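Chains D and P are the protein sequences, given in the same order.
Taken in order, the first sequence gives residues 399 to 736; the numbers are from this note's numbering.
Taken in order, the second sequence gives residues 399 to 736; the numbers are from this note's numbering.
Note that CB positions come from ideal geometry on N, CA and C, so glycine has one too.
Only a predicted model underlies this, so the values are computations on that prediction, with no experimental measurement involved.
Number of protein chains: 2
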Amino acid sequence: MGRTVGREGKNPTISDVAELAGVSVPTVSRVLTGAAKVSAAKREQVEAAIAELNFRPSAAARVLVSRKSRTIAVIAGNTSRYGYAETIRGIEIAARAEGYTVMITVVESADEDEVNRAVEAVEMQTLAGVVVLKFDPPGVAALNRLGTDRPLVALSGTREAGVPQAVLDEAAAAEELTAYLLGLGHRTVHHVRVPPSRRVDGRTTGWKRALRKADAPVPPVLDATWEPLSGVPIGRALAADPEVTAVFCGNDEIAMGVMRGIAEAGRRVPEDISVVGFDDHPLAELWSPPLTTVEQDFAGLGQRGFALLLESMNDENARRYSSERPRIAFRASAAPPR
Amino acid sequence: MGRTVGREGKNPTISDVAELAGVSVPTVSRVLTGAAKVSAAKREQVEAAIAELNFRPSAAARVLVSRKSRTIAVIAGNTSRYGYAETIRGIEIAARAEGYTVMITVVESADEDEVNRAVEAVEMQTLAGVVVLKFDPPGVAALNRLGTDRPLVALSGTREAGVPQAVLDEAAAAEELTAYLLGLGHRTVHHVRVPPSRRVDGRTTGWKRALRKADAPVPPVLDATWEPLSGVPIGRALAADPEVTAVFCGNDEIAMGVMRGIAEAGRRVPEDISVVGFDDHPLAELWSPPLTTVEQDFAGLGQRGFALLLESMNDENARRYSSERPRIAFRASAAPPR
DNA sequence: GTGAAAGCGCTAACAA
DNA sequence: TTGTTAGCGCTTTCAC
Chain D
399 MGRTVGREGK NPTISDVAEL AGVSVPTVSR VLTGAAKVSA AKREQVEAAI
449 AELNFRPSAA ARVLVSRKSR TIAVIAGNTS RYGYAETIRG IEIAARAEGY
499 TVMITVVESA DEDEVNRAVE AVEMQTLAGV VVLKFDPPGV AALNRLGTDR
549 PLVALSGTRE AGVPQAVLDE AAAAEELTAY LLGLGHRTVH HVRVPPSRRV
599 DGRTTGWKRA LRKADAPVPP VLDATWEPLS GVPIGRALAA DPEVTAVFCG
649 NDEIAMGVMR GIAEAGRRVP EDISVVGFDD HPLAELWSPP LTTVEQDFAG
699 LGQRGFALLL ESMNDENARR YSSERPRIAF RASAAPPR
Chain P
399 MGRTVGREGK NPTISDVAEL AGVSVPTVSR VLTGAAKVSA AKREQVEAAI
449 AELNFRPSAA ARVLVSRKSR TIAVIAGNTS RYGYAETIRG IEIAARAEGY
499 TVMITVVESA DEDEVNRAVE AVEMQTLAGV VVLKFDPPGV AALNRLGTDR
549 PLVALSGTRE AGVPQAVLDE AAAAEELTAY LLGLGHRTVH HVRVPPSRRV
599 DGRTTGWKRA LRKADAPVPP VLDATWEPLS GVPIGRALAA DPEVTAVFCG
649 NDEIAMGVMR GIAEAGRRVP EDISVVGFDD HPLAELWSPP LTTVEQDFAG
699 LGQRGFALLL ESMNDENARR YSSERPRIAF RASAAPPR
């Protein structure tokens, strides 16, 4: 009595279930996948056996024989920085809702060996598809090396041909934000850039476009790193120049660093200098003064990206592009010049 | 001439490689895994064939037959919030360094169906191991439901028996931080808590311990959500009470919200009220005033967690516990009472 | 050092 | 509706 069916100590397999239920292996498979009809009686026997053995089908075996997988890979240069983390969260939420699992592959640099390692790790897997965060040079490099034999979607800020893509129209938002500052009466707007993914960076492009359209002078671009503190010396330098009355920063963290530098130099935001950022970081609203910035729906970007992937898995003529225009969050860090 | 070896349009398999190289399939396998010796001549032929066909072994087939996998699963209640994102980053870095891939499974709530879904998704996979972020109730619930048949490690702030575990000793750090405030001359320290994972929360425990040891009164605990803005009304309420001179917040984001509330109420930090946080958020140093907080090495926690997992995969008598004491970052948001 | 044979756990194709 | 047969792409015996 009570002897366990199946090999002791091992996970039960589908044939253990079949044996216990008194049916054939394919019938168990039919119950599992729901692909074909099974009589109610047998179905119940099978389900009882599954429950009794606490059976879980082996994903590896399924993938091997069916050549189909419920796993997608996300390739990203980073997983924890705000925009990256939120985008991955959006992908995961959309994927989970459709019963897919997410595998993360980080590409630290655009270094050839590193990119190859990441691409090979992905190509070994049998995957339903791949999403690449084309936010930075490693992401761009990985995308270029990736084979196109499986569904593939890129996520980024600038449109490019080739791979299906979901984007946030950063250039349009940056242009709108810069135009807003000019409209406030500023003669021009200075720009602090975060490390760009390529020669063209949507935020910088939009900024420049707004200045050109307004016939405003285009000051030299200042470069920050991803590190918020890198904005501090830039802010001090900017504060020392009386010509500077408005600054557009490539992201909110840098804007916060720049504001700190301006404060250290004894000048005030927004009374002396207006500062705006990009991304609508969770702390932007809490900052003093609350930061005027661009609401980037990264989680939405991730969700749109997965939707695009899903479409291209099921439909030959799937959409190849999804764009969304971010909105500006008007807060207190920008004001007319005195 | 030029006819491709292998089935057209399909990925090449190991037998295509064997055929092209003029060796048997197992020999190719030996070259791939490096498990057994192969003569230099054959090895070269095989490597040439692999390169020519751009062959990648199928991970699914390998896993099926060898019952070994180079993938680990991470179960987490969240992926994008600071502590979570950094911990996952640490796990991924350590895993990647050892050639492992990370699969993410999010458990949104401690709801039974949701926990079961996540656990089943994990148990279907053939995995080298599982890391659970026991930071919140969903994490705790998932850990409890998870079978113990494969290597498993929990990451959290409070020690418990059972599963091997890496922790940050939050209770000790909280006690030290609270004692520091008392040492500054504050009569007592108020506490704003973030949603706890269980009845016992290390941060709250350490705070209470320090107060008891100093015979200081223990004020009622105030509850915030994970949302930084939830700290604002709490800060206003605290500022209205003249008894309040020092506040210990469950994390930095809440501390920032509380400080904003205090400012809105017209009182100053640290002159009127000292505020300290927990985690050393990237923006804590940039805040005005710079926030005194606890440096939590989440990435290090993740790395230690993976190390524990690796040990328990290879060694029966592996360590079952790794603890680290976070350090306090003394900055300007805490000062003696006036 | 190398190859032949077996089979991992499942689904697909077919026949009944 | 159900069972039989075949085989996914690899690694693992086991001879030689």
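The Cβ of M711(P) sits no closer than 8 Å to any Cβ of chain D. Contact annotation: D650(D) and A608(D) have beta-carbon atoms that are not nearer than 8 Å. In this structure A572(D) does not touch G537(D) by the C-beta definition: roughly 20 Å separates them, more than the 8 Å allowed. Among the residues of the stretch 496–520 of chain D, those with a Cβ less than 8 Å away from any Cβ of chain P are T499, V500, M501, I502, T503, V504, E518, A519, in the order of the chain.
Look at Q694(D): its C-beta is not under 8 Å from any C-beta on chain P. If you check the CB distance, T499(D) and I486(D) do not come in under 8 Å. In this structure, the alpha-carbon of H584(P) lies about 39 Å from that of A732(D). Excluding five sequence positions before and after D567(P), the CB atoms of its chain that fall closer than 6 Å to its own CB belong to S721, R723, given in chain order. Excluding the 5 residues flanking it on each side, A614(P) has same chain C-beta neighbours closer than 7 Å at L580, R585, T586, in chain order. Here the alpha carbon of R597(D) sits roughly 48 Å from the alpha carbon of G420(P). Looking at A564(D), E512(D), T623(D), L462(D), the one whose alpha-carbon comes closest to that of A457(P) is L462(D). The beta carbon of L462(D) falls within 8 Å of a beta carbon belonging to chain P, placing the residue at that interface.
Sorting N542(P), A495(P), F533(P), A493(P) by C-alpha distance to the C-alpha of V517(P) places N542(P) at the top.
Listed as beta-bridge partners of L620(D) by DSSP are V590(D).
Per DSSP, G527(P) lies in no alpha helix (DSSP H) segment; the continuous beta strand (DSSP E) that holds it begins and ends at 527–531.
Secondary structure of S710(D) (DSSP, three-state): helix.
Within the stretch 449–486 of chain D, the runs of beta strand (DSSP E) that reach at least 3 residues and sit entirely inside it are, in chain order, 469–474. Taking a contact to require three or more Cβ pairs closer than 8 Å, the stretch 551–568 of chain P and the stretch 695–715 of chain P qualify as touching. For T576(P), the uninterrupted alpha helix (DSSP H) segment begins and ends at 568–581.
Y482(D) has its alpha-carbon roughly 24 Å from the corresponding atom of T524(D).
From the listed residues D670(P), E445(P), K440(P), E490(P), the smallest Cα separation to A705(P) is found for E490(P).
With respect to the 8 Å criterion, R591(P) and T602(P) are classified as neighbours on the basis of their beta carbons.
For T603(D), there is no enclosing beta strand (DSSP E); the enclosing alpha helix (DSSP H) covers residues 600–611.
Under the three-state reduction of DSSP output, Q563(D) falls in the strand class. Within chain D, the residues R658, A661, S686 have their CB atoms less than 8 Å from the CB of S686(P), given in chain order. Close CB contacts of V551(D) within its chain, under the 6 Å cut and outside five residues either way in sequence, are with V529, P562, G703, L706, L707 (chain order). For T411(D), there are no neighbours in chain P by C-beta distance under 8 Å, as the nearest C-beta there is about 11 Å away. For a Cβ distance threshold of 8 Å, nothing in chain P lies close to S427(D): the least Cβ distance comes to about 14 Å.
With fewer than 16 other CB atoms across the displayed protein chains lying within 10 angstroms of its CB, A438(P) is exposed. Per DSSP, the beta-bridge partners of T503(D) are I473(D). Residue-level contact check: R494(D) touches chain P, since one or more beta carbons of chain P fall below 8 Å from its beta carbon. Going by DSSP, V426(P) is part of the alpha helix (DSSP H) stretching over 423–431. A check of alpha carbon separations from T690(P) across A661(P), P640(P), A727(P) identifies A727(P) as the nearest. When 7 Å is used as the limit between beta carbons, T477(P) is near these residues of chain D: A483, I486, R487, E490, in chain order. R515(D) sits in a helix when the DSSP states are folded into three classes. Think of a sphere of 7 Å around the beta carbon of S731(P): no beta carbon from chain D falls inside it, the nearest being about 13 Å out.
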